[in-house]
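If you're matching them up, the sequences are chains A and B in order. Position in the first sequence (from 1) plus 1213 gives the number in the working numbering. Position in the second sequence (from 1) plus 39 gives the number in the working numbering. All C-beta atoms in this analysis are idealised placements derived from N, C-alpha and C, irrespective of residue type, glycine included. Here's the structure, in structure tokens; my notes come after.
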Amino acid sequence: MRASLEGETEAWGEIVVRYKEAVFGLCLGFLRNRADAEDITHDTFIRAYENLRRYRLEKRFSTWIFTIASNLCRNHLRHRRYHPVISPSDPVSGGLDPAAVVAQEDRWTRVREGLDVLPYGYRAPLILRYYNDLSYREIAEVLSLPEGTVKTRIHRGKVMLKQAIEKDGVIHYERG
Amino acid sequence: MREDNLEETIKNVLQREVSDEVFHIEGLEGRIVTELAGQLPKSSPLEALKRLLAPTRGARLGQLAVIGATAAVFLVLGVFLAGRLPFLEGNPRVTVTPSGNEVLFIMPAIGAQSVTVVGSFNAWEATPLSDENGDGIWTKSISLPPGRYEYAFVIDGRWWGQDPLADEYVRSFGAYNSVRYVGLAGDGA
């Protein structure tokens, strides 16, 4: 019985393979915590499977999946204390001279730290825009925000990050 | 830092974070398929009745007696109420919505060449689903009058009888079929 049912659901496994990295990236960006991102990615695909009936043809499937992930992330953040945990990456030299590698790593670290403390309301649109490559309209759909608000938040989010990078320090904001 | 450089940096940082951590979700698809397969199919009342009447009949006699008595009580009550409440005529699941309901058939099938749906609503003749944007999600919206419909998908010639959107499953000739109720308790209600 179990084998037969797995056969019936294996088509969904192919969907997971196709979208899991994008969903995981979204969750990691939103939550800034690897273990939480892993859990919410799992929950997103279970929830999507159980709610396929609510899928509407006018939405792209990826946008629909991202909406579920986004809602789960938001709910999760409401119920946990904020503690970003993403391990620093090992530097990748790629043939650059050591000084350039150090400068790039320093800049990336500041952006990473800036993202950690950026309010959720500004971080989420940035992730969807620059990691998931969504249009403003699609971001508005996923986050249930007006398109104008999305544009404003992306602009302000970038300003905040820029300040963090150029002021040689980390920005400190209230949780959004 | 210039605007385009900042955007590029954000993108690179996010991609790097994911590539550093993505190994944690290796095999996620297998875990999810196993978990979903563990959610046993809902079987129809007819299936449940068949199981009740099957080989262990002796042991079920007590249960049948209770069910029979309960059914008799409800039958008497139903006849009594039907005489006083004219709107309770017929089967409420299939008579509430007079017009057709748009029912969405959707099946994930990445890489499939053809996906069709066959069922009692099309005399088990194949109605093709389409995947216009190539994302592996095949869909077809069909207008159906209220009623109970058995169906299955056929993906590249292979029978897929357990649609996650189904209200229940039935076994027929050794294979599963899905069932949808269109009307009060099902799609479009």
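Proximity of residue i and residue j at Cβ, strictly below 8 Å
i: LEU67(B); j: THR1222(A); result: no
i: ILE1228(A); j: ARG1260(A); result: no
i: LEU45(B); j: LYS1375(A); result: yes
i: TYR1335(A); j: ARG1291(A); result: no
i: ASP174(B); j: SER1275(A); result: yes
i: THR1257(A); j: VAL1230(A); result: no
i: MET1373(A); j: LEU1341(A); result: no
i: TYR1349(A); j: VAL1363(A); result: yes
i: TRP1277(A); j: LEU75(B); result: no
i: ILE145(B); j: GLU1251(A); result: no
i: ALA180(B); j: LEU1270(A); result: The amino acid at residue 180(B) is misidentified as Ala; the sequence shows Ser. A contact, by the Cβ cut-off of 8 Å.
i: LYS1272(A); j: GLU1354(A); result: yes
For residue i, three-class secondary structure by DSSP
i: SER1357(A); result: coil
i: PHE212(B); result: coil
i: THR1264(A); result: For the record, residue 1264(A) in the displayed sequence is Asn; it is not Thr. The answer is coil: DSSP assigns ASN1264(A) none of H, G, I, E or B.
i: ARG219(B); result: strand
i: LEU143(B); result: strand
i: TRP177(B); result: strand
i: PRO1311(A); result: helix
i: SER58(B); result: helix
i: LEU183(B); result: strand
i: ASN1246(A); result: strand
i: GLU1326(A); result: helix
i: GLU164(B); result: coil
i: GLU1318(A); result: helix
i: GLU171(B); result: coil
i: GLU207(B); result: strand
i: ARG1350(A); result: helix
i: LEU1239(A); result: helix
i: GLU47(B); result: helix
i: ARG1269(A); result: coil
i: ASP202(B); result: coil
Whole-Å CB distance - residue i paired with residue j, under 8 Å assumed
i: GLY196(B); j: SER217(B); result: Wrong, their Cβ atoms sit about 18 Å apart, outside the cutoff.
i: ILE1378(A); j: VAL1315(A); result: In fact, because the Cβ distance is near 15 Å, the residues do not count as touching under 8 Å.
i: VAL221(B); j: VAL142(B); result: 6 Å
i: ALA148(B); j: ILE194(B); result: 5 Å
i: TRP1321(A); j: VAL52(B); result: 5 Å
i: LEU1347(A); j: CYS1286(A); result: In fact, because the Cβ distance is near 15 Å, the residues do not count as touching under 8 Å.
Residue i CB to nearest heavy atom of the ligand ZN below 7 Å
i: ILE181(B); result: The ligand ZN is absent from the structure shown, which contains no ligand whatsoever.
Exposed unless 16 or more other CB atoms sit within 10 angstroms - verdict on residue i
i: LEU1241(A); result: buried
i: ALA162(B); result: exposed
i: ASP1249(A); result: buried
i: GLY97(B); result: Low confidence applies to GLY97(B): its pLDDT is 48, below 50, so where it sits in the model is not reliable, and the reading given next is rough at best. Exposed is the call here.
i: LEU168(B); result: buried
i: GLY129(B); result: Legend: pLDDT at GLY129(B) = 36, less than 50; position of this residue unreliable, value from coordinates given subsequently. By the 10 Å Cβ count, GLY129(B) comes out exposed.
i: SER58(B); result: exposed
i: ARG1247(A); result: buried
i: PRO1311(A); result: exposed
i: TRP198(B); result: exposed
i: GLY213(B); result: exposed
i: ASP202(B); result: buried
i: LEU1239(A); result: buried
i: LEU1391(A); result: Past the boundaries of the shown model lies residue 1391(A); chain A is included only from 1214 to 1389, so the question cannot be answered.
i: LEU235(B); result: Residue 235(B) cannot be examined here, being either before or after the span of chain B that is shown, 40 to 228.
i: LEU1218(A); result: Annotation note: pLDDT 47 at LEU1218(A) (below 50); position unreliable, coordinate value reported separately. Under this definition LEU1218(A) is a buried residue.
i: LEU79(B); result: Because LEU79(B) carries a pLDDT of 47, less than 50, the predicted location of this residue cannot be relied on, and the following value inherits that uncertainty. Exposed.
i: GLY158(B); result: buried
i: GLU189(B); result: buried
i: PRO185(B); result: buried
i: ALA1313(A); result: exposed
i: SER153(B); result: exposed
i: ARG1267(A); result: exposed
i: ARG219(B); result: buried
i: GLU56(B); result: buried
Range of the contiguous alpha helix (DSSP H) that encloses residue i
i: VAL72(B); result: 67 to 76
i: ILE194(B); result: Premise fails: ILE194(B) lies in the beta strand (DSSP E), 186 to 194, not in any alpha helix (DSSP H).
i: LEU1341(A); result: 1333 to 1343
i: ILE1278(A); result: 1274 to 1291
Residue interval of the beta strand (DSSP E) (run including residue i)
i: TRP198(B); result: 197 to 199
i: GLY150(B); result: No beta strand (DSSP E) contains GLY150(B), which DSSP labels as neither H nor E.
i: VAL154(B); result: 154 to 158
Under 8 Å by beta carbon: chain C residues contacting residue i
i: GLY1226(A); result: The structure shown contains no chain C; its protein chains are A and B.
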